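Undergrad: Structure below; questions to follow.
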Amino acid sequence: MTITSELYHHPRMTPIVTSIALLFSFLPILYDHPTQDFYIHQAMLTLIILIFMIFHRLMMPELLQRAQQAAQLRADLQTADRIRADLTQSNRDLAYKAQIDTLTGLLNHGAIIAHLDTALAQARANDEPLAILFFDIDHFKRVNDTYGHLIGDQVLAAVAKKATATLRERDTIGRYGGEEFLVILPNTTKADALLIAERLRQQIAAMPFAIHDIHNLVITISIGIAAINGTAKNRPDLLSEADQALYQAKALGRDRVHLAAIA
Numbered sequence: 093m094t095i096t097s098e099l100y101h102h103p104r105m106t107p108i109v110t111s112i113a114l115l116f117s118f119l120p121i122l123y124d125h126p127t128q129d130f131y132i133h134q135a136m137l138t139l140i141i142l143i144f145m146i147f148h149r150l151m152m153p154e155l156l157q158r159a160q161q162a163a164q165l166r167a168d169l170q171t172a173d174r175i176r177a178d179l180t181q182s183n184r185d186l187a188y189k190a191q192i193d194t195l196t197g198l199l200n201h202g203a204i205i206a207h208l209d210t211a212l213a214q215a216r217a218n219d220e221p222l223a224i225l226f227f228d229i230d231h232f233k234r235v236n237d238t239y240g241h242l243i244g245d246q247v248l249a250a251v252a253k254k255a256t257a258t259l260r261e262r263d264t265i266g267r268y269g270g271e272e273f274l275v276i277l278p279n280t281t282k283a284d285a286l287l288i289a290e291r292l293r294q295q296i297a298a299m300p301f302a303i304h305d306i307h308n309l310v311i312t313i314s315i316g317i318a319a320i321n322g323t324a325k326n327r328p329d330l331l332s333e334a335d336q337a338l339y340q341a342k343a344l345g346r347d348r349v350h351l352a353a354i355a
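Residue numbering for the sequence shown is 93 to 355, as defined by our numbering.
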């Protein structure tokens with residue numbers, strides 16, 4: 093309740109207001125010669141004020157109760173708004189976490205595939221080029237077997253961080269599975285995709301990675317590229333082409349970039 097409302101509903105306000113009203117009603121006596129009609133009018137006014145005072149006193153409990161109920165309702169509504177806002181934010185947080193790979197902090201398999209479907213639809217609608225990179229870490233099983241899976245996890249996280257820092261802001265990267273990563277390059281031609289992939293390969297190869305007394309564990313990646321240019325190529329075909337290109341990159345000696353022949 094406001095201060096005015098609290099004063100109005102305070103039990104002591106009724107006699108105070110009534111006394112003030114009666115006092116002001118008799119002020120004319122100080123200036124005029126009262127007549128009999130004046131006293132009659134004053135008596136009627138006094139009676140009305142007394143009736144109001146009695147009525148107000150009788151209604152006071154109900155008025156106070158209604159005021160308290162209104163205040164409680166406002167408080168409940170404010171609490172409900174806060175709870176609703178907290179739930180909305182919690183749902184957003186949960187939805188976000190459901191899309192994230194906990195090890196690398198990248199989009200997980202389902203989320204990156206969903207982004208690819210959206211990117212393909214936009215590329216077709218706008219008649220724009222689109223390219224994807226499929227890459228994995230060379231000899232990753234050897235890293236796990238030699239240094240253990242904990243070190244292998246650190247390598248995955250480091251590669252993910254370096255790749256994110258190397259790619260453009262509009263590009264999207266996700267962990268496809270295991271040591272495989274998928275990168276979506278919107279509005280990107282094959283020629284530009286080759287440049288981006290080569291820069292990514294070089295940045296990963298130059299990345300320092302120290303393990304215990306080993307001062308420089310060299311980590312390299314192989315990258316396969318597939319692209320569309322306003323064609324109606326679907327997601328399975330595009331992924332298959334990138335996967336075949338990645339296989340060719342590995343077959344040619346790893347630590348290299350290969351463009352799908354049919355892209």
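Just so it is clear, CB atoms sit at the ideal spot from N, CA and C, and this is done for glycine as well. The structure presented is a predicted model; accordingly, all values stated were derived computationally and were not measured.
1. How close, in whole Å, do the beta carbons of isoleucine 320 and alanine 289 come, if the pair is a contact with beta carbons under 8 Å?
2. So for arginine 346, helix, strand or coil by DSSP?
3. Considering only DSSP beta bridges, list what leucine 274 is partnered with.
4. Hey, how far is the Cα of glycine 202 from the Cα of glycine 345?
5. Assign leucine 199 to one of three DSSP states: helix, strand, or coil.
6. By the 10 Å Cβ neighbour count, where 16 or more other Cβ atoms means buried, how is leucine 351 classified, buried or exposed?
7. Identify, in the order they occur along the chain, each residue of the same chain with its Cβ nearer than 7 Å to the Cβ of methionine 299, setting aside the five sequence neighbours on each side.
8. Considering only the alpha carbon of each residue, which of Phe232, Thr264, Pro153 lies closest to alanine 211?
9. Label threonine 171 either buried or exposed according to how many other C-beta atoms from any shown protein chain fall within 10 Å of its C-beta, with 16 as the threshold for buried.
10. Please look up how many angstroms separate the CB atoms of glycine 266 and leucine 331, rounded, as I've assumed it's under 8 Å.
11. What residue range is occupied by the uninterrupted alpha helix (DSSP H) comprising alanine 257?
12. Can you check whether the CB of leucine 286 is closer than 8 Å to the CB of valine 349?
13. Measure the Cβ-Cβ separation of alanine 334 and isoleucine 317 and say whether it is below 8 Å.
TA: Let's see:
1. Between alanine 289 and isoleucine 320 the Cβ distance is about 16 Å, and since that is not below 8 Å, they are no contact.
2. coil
3. BP columns for leucine 274 point to Phe226, Gly266.
4. Whole-angstrom Cα-Cα distance: 30 Å.
5. Three-state DSSP puts leucine 199 in a strand.
6. buried
7. Ala250, Lys254, Ile311
8. Thr264
9. The residue in question, threonine 171, is exposed, as its Cβ has fewer than 16 Cβ neighbours within 10 Å.
10. With 8 Å as the limit, glycine 266 and leucine 331 do not qualify as a contact, their Cβ atoms being about 12 Å apart.
11. 241-258
12. The answer is yes: Cβ separation under 8 Å.
13. A contact, by the Cβ cut-off of 8 Å.
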